[in-house]
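Enquirer: The structure that follows is given in the form of structure tokens.
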Amino acid sequence: MPAAPAAAHQRTDYRLLLPACTAWAVTSAVLVLDPGRHPSLLMAALAAAVASLALLATKGPRRSIHRLTAAVLLTAATAATTTVLHTADLHRGPLPALAHPAALPVAAGQRADGDGRSGPVQPKEEKPANPEITVELTVTGDPKQHGSHTQGSSLSRPTLTVPALVTRVRTSPHPGNGSPSTPVATRTPVTLLIRSQEDYPWRQLIPSTELELQAEVLPERPPAAGASGGRSRIDSAALLAPQGQPRVVTPPNLPQRLAARLRKGLRDACDHLPPDTRGLLPGLVVGDVSRLPEDLSDAFRATDLGHLVAVSGANLAIVLAVLVGGTSSEPDAPGRGGLAGLLGLSFRTTALLGTVLTLAFVTVCRPDPSVLRAAATGLIGLLALATGRPRRGVPALAGAVLILILLDPYLARSYGFLLSTLATAGLLVLGPRWTAALRARRWPHHLASAVGATAAAQAFCSPVTVLLAPRISLVGVPCNLLAEIAVAPATLLGFGALVVAPLSKGAAEFLADLAALPVGWLAAVARRGAELPGAELAWPAGSFGAILLIVVIVSLAWAVPPLLAGRRFRHRRTRVLVALAVALLLPVVLLRPPSVVRLATGWPASGWRLAMCDIGQGDMTVLPVGPGSAVVVDAGPDPKTADACLRGLGVTRVPLLLLTHFHADHAEGIPGVLRGRSVGAIEVTTSEESNGERPRVLRWAAAAGIPVVHAQRGERRTAGAELTWEVLWPTSPLPAEAEGPNNSSIAVLAELGPPAAPLRVALLGDLEPPAQAAVLALGLPPSSSAAVRGSGDEMSTSMDGKGGGGVGSARAGGGADRGVVRSGPGPPGVGRVDVLKVAHHGSANQDWSLMAALRPRLALISCGAGNSYGHPAPQTVAGLKALGATVVRTDRSGDIAVLGDAQSLAVATHLHQGRG
């Protein structure tokens, strides 16, 4: 039996752990404390410091306890004092006062309806204008672009934020007083918010650049009723919206210019690589994720590989390990090995080179929380190396956390800093023990080290990641193990390309080509892992979910023998039963067969005719064709929720994806529909508006080799034996009164279920009143030839003017004409329907003449909980109920399934976990 690693038997020094945790907790609490309480807080800190000195002066048998108590009190006092001093600039000077104006009363007669639009408002001259100022500031961080594809009714504008420090401010003269105000010197941290499409000059800004600009001070929104106190931004005193382009007063300093040149050289060296590699390599090396594909970023998060998407402390550990050595169990505590050991450098020379390398790394890769944690831990280890002291991982980590929290209190509320600290703590505390336990059971040395370290880091970090997103990755550990073999070569080759780029672009491209192989492997692991059915497991949200996961992890660590270091499992039968249970349950949890899921959750309901998935603020409707096959109408705003919807319904084949119009809340989920499924065709509207989303849809379709067809009024299609539909809208061209992206939505009238008693369903997309009125006026399209039904996934189409007959004539039985209104020689009216997908998420914009003509028995509304649009409007819900409809909403009921036929209409719902 191989001997256990010595690290597992060394006594760990935890003396700095309690002071570090105390400083973290106190700092985190003070950051959200009302500034008016700071004076009393400083008095309490002074009292705690005096008490700690008194405890240190006492003697007796409990002197060690007194020292520990004194250390905790002194640390708490120091943390409170430094936090108050660091945050003082957030509350003094003219900017905080401008950003927090006094609350204004609502004008008489002002109202807001359920659609989020206001009624009569104050006259323009009575509206308080946002203050305009002229400022001189210093850029303190890189510009960051925020998601341009959000859950909403359309494609939102991209938003760029830039952190800065205002050094001089001058307010605009008051209309009643033309004299300009006197410039005021200050040191106020602010955030610049750029919403202009002309943001190129802003994206080129480099930290340390000094600017002069005019800006509008955006008011701070008061906290919602019932919300906890504190500001929405703890590290910024005001949000400034610049007016015009920036004027550079002083260019960036030399180190920042060199860092920017190196970063640009690496980007240029990656230009010829495939999209995944081109975006991932700069992110892995220097944290530049500006070109990282959104779906790849989602795949890394789904597989718990998010720490590889951008530069982290692990990258610095790899670079230091090459120079001064290191181990996987103590990644940030370097020893004299590596190149320094081969060259015979002295301890002090090695520590000096390591310090220079660390500072250069932080400058080039930016002082992100994870990088700062790794740098501080590594510098403490280098200090120990220079003084000839033994390296100790846990004291170095605790000391680094303590120093960083005191120097930069905002790290106390940074999830990135917390996750980096927990991951390192897991490697240092549990990693050696679990590795020793695995090696004691004859696991290969390298495999035991990799599994032990990865599992330990996951165990420490998972409860925090649940707070960020209520899910756990079931493929996180295996994906991290597969990725580990490629991280070091990708990092080192990437840094090689970074260093040589200013000297030789050809050499940098050559190194980037070499790095493309391990980087491509990382991307493949993330994508394939995320595509596995059941890769993510929904988990309760909030503190309850985090505590529950801690209980589960502790239970597994106690029950599964390889996770218990230094013990033998005494009851072999129990061990065998646990192993069998894991072997049987894990594939079921990962693959989630619909039959098994139905037994556990009751979803999907047996015999469902239509499903409306709860995908947030958007639309996604599924019409079944046969086992594992369905027509999908719209895909919602998010690929992940779209994929989860179809996976839960057991849909693996999509004969047709019908996209009603090119808006993000209907189209951004298309990659999720395509993920692991065969799609026959994508049908889109004839309108070419909303060009921002249209090219993305066409690009996705072309990449998957899926034909794109255009819907036409009068088109009739069938799929399977119990699904047929006809297109009611749009016409081509659209009438002048019904233009716009929403009014170009495809509206269809479908018949579901047995031909003898089919359900008539109207799906109206996001049509607004002008288009709805046109649908009512036009009625059903002119008659066409009878559609020939296909079997399975086959579909047939018939268009206007190619024969006689109608949709109903293709059915056996008398249900085809039920509810159709005939009015003289013109086309028949649309008639009454059983189910209505209410247009535009139930907004207030409805044509009630059409609603009265349809007179639905069941009205379905797809909208996101707590959406900012006020959907559905209360008057829309009330109007539908007045027509006799039962209204069911995804924001309250979750997923919705329509069951039965025209004689036995029923509804089943499935509320997601975490929703009340």
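Numbered per the working numbering, the sequence shown finishes at 1123, counting up by one with no gaps.
The C-beta atom is built at its ideal place from N, Cα and C for all residues, glycine as well.
How is HIS870 classed by DSSP in three states: helix, strand or coil?
Expert: DSSP places HIS870 in coil when its eight states are reduced to three.
Enquirer: Restricting to runs no shorter than 4 residues, where is the alpha helix (DSSP H) found entirely within the stretch 485 to 522?
Expert: Those alpha helix (DSSP H) runs which fall completely within the stretch 485 to 522 and span 4+ residues are 501 to 509 and 513 to 516.
Enquirer: Are VAL934 and VAL1042 touching if we call contact CB-CB under 8 angstroms?
Expert: Against a cut-off of 8 angstroms, the Cβ pair of VAL1042 and VAL934 comes out as no contact.
Enquirer: For ALA945, which of GLN979, GLU922, LEU469 and ARG508 has the nearest alpha-carbon?
Expert: When each option's Cα is compared against that of ALA945, the closest is GLN979.
Enquirer: Comparing C-alpha positions only, which one of ARG923, ARG884, LEU425 and TRP932 sits nearest to ILE913?
Expert: Taking only the C-alpha atoms, the option nearest ILE913 is ARG884.
Enquirer: How big is the Cα-Cα spacing for HIS1117 and GLY814?
Expert: Straight-line Cα distance between these residues: approximately 15 angstroms.
Enquirer: Would you identify the three-state DSSP class for LEU771, choosing helix, strand or coil?
Expert: Reliability fails at LEU771, whose pLDDT of 45 lies under 50, so the model's placement of it is uncertain and no value is given.
Enquirer: Are ALA287 and VAL237 closer than 8 angstroms when you measure CB to CB?
Expert: Taking 8 angstroms as the Cβ cut-off, ALA287 and VAL237 qualify as a contacting pair.
Enquirer: Would you kindly work out how many angstroms separate the C-alpha atoms of LEU418 and PRO449, rounded to a whole number?
Expert: One C-alpha to the other measures close to 11 angstroms.
Enquirer: Taking DSSP as the reference, what is the three-state secondary structure of GLY814?
Expert: GLY814: coil per DSSP, three-state reduction.
Enquirer: Tell me which residue opens and which closes the beta strand (DSSP E) that GLY243 is part of.
Expert: Segment: none, GLY243 is in no beta strand (DSSP E) and carries neither H nor E.
Enquirer: Nearest to ALA984 by CA position, among LEU263, PRO458, PRO639 and PRO942, is which residue?
Expert: It is PRO942 whose Cα lies nearest to the Cα of ALA984.
Enquirer: Identify whether PRO250 lies in helix, strand or coil by the three-state DSSP scheme.
Expert: Checking the displayed sequence, the identity of residue 250 turns out to be Met instead of Pro. Residue state, collapsed to three classes: helix.
Enquirer: If GLY638 sits next to ASP511, beta carbons under 8 angstroms apart, how far is it from one beta carbon to the other, in whole angstroms?
Expert: Contact doesn't hold; Cβ gap of about 16 angstroms is too wide.
Enquirer: Does the Cβ of GLN358 have 16 or more other Cβ atoms within 10 Å, making it buried, or fewer, making it exposed?
Expert: In this prediction, GLN358 scores a pLDDT of 40, lower than 50, which makes its location untrustworthy; the coordinate-derived value is nonetheless stated afterwards. Buried.
Enquirer: So TRP932 packs on ALA957, CB below 8 angstroms; how close in whole Å?
Expert: Their Cβ separation, rounded to whole angstroms, is 4 angstroms, which keeps TRP932 and ALA957 in contact under 8 angstroms.
Enquirer: My guess is that ASP1102 and ALA1046 are in contact by the Cβ rule of under 8 angstroms, so how many angstroms apart are they, rounded?
Expert: Not a contact, Cβ separation roughly 20 angstroms.
Enquirer: Determine, using beta-carbon pairs with one atom in the stretch 478 to 487 and one in the stretch 589 to 609, whether at least three such pairs fall under 8 angstroms.
Expert: No: the two stretches stay apart, fewer than three of their Cβ pairs being nearer than 8 angstroms.
Enquirer: Taking the alpha carbon of GLU405 as the point to measure from, which residue in LEU420, LEU729, ASP495 and GLY451 has its own alpha carbon closest?
Expert: The shortest Cα separation from GLU405 among LEU420, LEU729, ASP495 and GLY451 belongs to GLY451.
Enquirer: Taking only the alpha-carbon atoms, compute the straight-line gap between SER694 and VAL707 and give it to the nearest angstrom.
Expert: Checking the sequence shown, residue 694 turns out to be Val, not Ser. The straight-line gap from Cα to Cα measures roughly 20 angstroms.
Enquirer: Using a Cβ-Cβ cutoff of less than 7 angstroms, which residues in the same chain neighbour ALA663 once the five nearest sequence positions on both sides are dropped?
Expert: Here the set comprises GLY633, LEU634, LEU637, GLY638 and TRP641.
Enquirer: Would you give the residue range spanned by the beta strand (DSSP E) that ARG377 belongs to?
Expert: Run containing ARG377: 366 to 378, per the beta strand (DSSP E) assignment.
Enquirer: Which same chain residues end up closer than 8 angstroms to SER443 when comparing Cβ atoms and leaving out the 5 residues on each side of it in sequence?
Expert: The answer, listed in chain order, is LEU297, PRO370, PRO396, VAL397 and THR398.
Enquirer: Quick one: which unbroken alpha helix (DSSP H) runs of 4-plus residues sit fully inside the stretch 1090 to 1117? Chain order, please.
Expert: With a minimum length of 4 residues, the continuous alpha helix (DSSP H) runs that stay inside the stretch 1090 to 1117 are 1097 to 1100.
Enquirer: Determine the direct distance from the alpha carbon of THR282 to that of SER247, and round the result to whole angstroms.
Expert: If you take the alpha carbons of SER247 and THR282, they lie about 18 angstroms apart.
Enquirer: Looking at the structure shown, is GLU419 part of a helix, part of a strand, or coil, going by DSSP?
Expert: Three-state DSSP puts GLU419 in a strand.
Enquirer: Less than 6 angstroms between C-beta atoms, sequence neighbours within five positions excluded: which residues of the same chain meet that for VAL904?
Expert: Excluding positions up to five away in sequence, the list reads ALA874.
Enquirer: According to DSSP, simplified to helix, strand and coil, what is GLN824?
Expert: It is coil, neither helix nor strand.
Enquirer: Please report the residue range of the beta strand (DSSP E) in which LEU959 lies.
Expert: From DSSP, the beta strand (DSSP E) with LEU959 extends over 954 to 959.
Enquirer: Is it right to say VAL493 is buried, meaning 16 or more other beta carbons lie within 10 angstroms of its own, or is it exposed?
Expert: Per the 10 Å Cβ criterion, buried.
Enquirer: Hey, ILE679 and LEU744 are a contact pair by Cβ (cut 8 angstroms); roughly how many whole angstroms apart?
Expert: Their Cβ separation, rounded to whole angstroms, is 5 angstroms, which keeps ILE679 and LEU744 in contact under 8 angstroms.
Enquirer: Any chance the CB of GLY548 is under 7 angstroms from a heavy atom of the ligand GDP?
Expert: In the structure shown, the ligand GDP is absent, as is every other ligand, since no ligand is present at all.
Enquirer: Quick one: grab the DSSP three-state call for ARG596.
Expert: It is coil, neither helix nor strand.
Enquirer: Quick one: is LEU512 near chain B, going by C-beta distance under 8 angstroms?
Expert: In the structure shown, chain B does not exist; there is a single protein chain.
Enquirer: May I ask you to report which of helix, strand or coil DSSP gives GLU890?
Expert: Three-state DSSP puts GLU890 in a strand.
Enquirer: Determine the burial state of HIS1078: buried for a count of at least 16 other Cβ atoms within 10 Å of its Cβ, exposed for fewer.
Expert: Buried.
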